[in-house]
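Residue numbers (the UniProt record's numbering): 1 to 101.
Have a look at the structure below, then the notes.
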């Protein structure tokens, strides 16, 4: 009985939070403004049209941070970087820092 009462209390809160998430403005094409793309955690950008299973193996590294030969130490990146207005943002944990590229 107690578990049922608790679930009846939690369910409306969950539904309300989903409704509010869908009311947020859509993510601009090319942006990845937060962890997992959006508050719903989709990890899918519908605006991405250039990648496919057929051409993924042809991808090339275009940039690297820190650059090869740099004495900068970033450490492991344990989070999804975000992209907003053409800039990549990410944080590190080993040497706590936040970067904008």
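Note that the Cβ used here is the ideal one computed from N, Cα and C, for glycine as well.
Determine the direct distance from the alpha carbon of residue 85 to that of residue 41, and round the result to whole angstroms. For the purposes of this step, residue 41 is identified with residue 41 of the chain shown, where counting begins at 1. For the purposes of this step, residue 85 is identified with residue 85 of the chain shown, where counting begins at 1. When rounded, the distance between both Cα atoms is 20 Å.
Just how far apart, CA to CA, sit residue 71 and residue 55? Indexing the chain shown from 1 puts residue 71 at position 71. Indexing the chain shown from 1 puts residue 55 at position 55. The alpha-carbon atoms of residue 71 and residue 55 are separated by roughly 34 Å.
One question on the structure: do residue 94 and residue 69 come within less than 9 Å of each other, judged by their Cβ atoms? One-based indexing of the chain shown puts residue 94 at position 94. One-based indexing of the chain shown puts residue 69 at position 69. The answer is no: Cβ separation not under 9 Å.
In whole angstroms, what is the alpha-carbon distance linking residue 60 and residue 52? As a position in the chain shown, residue 60 is number 60, starting the count at 1. As a position in the chain shown, residue 52 is number 52, starting the count at 1. Residue 60 and residue 52: Cα-Cα distance of roughly 14 Å.
Is it buried or exposed, residue 63, if we count other Cβ atoms within 10 angstroms and call 16 or more buried? Sequence index remark: in the chain shown, residue 63 carries index 63 (1-based). Looking at its Cβ environment, which holds fewer than 16 other Cβ atoms inside 10 Å, residue 63 is exposed.
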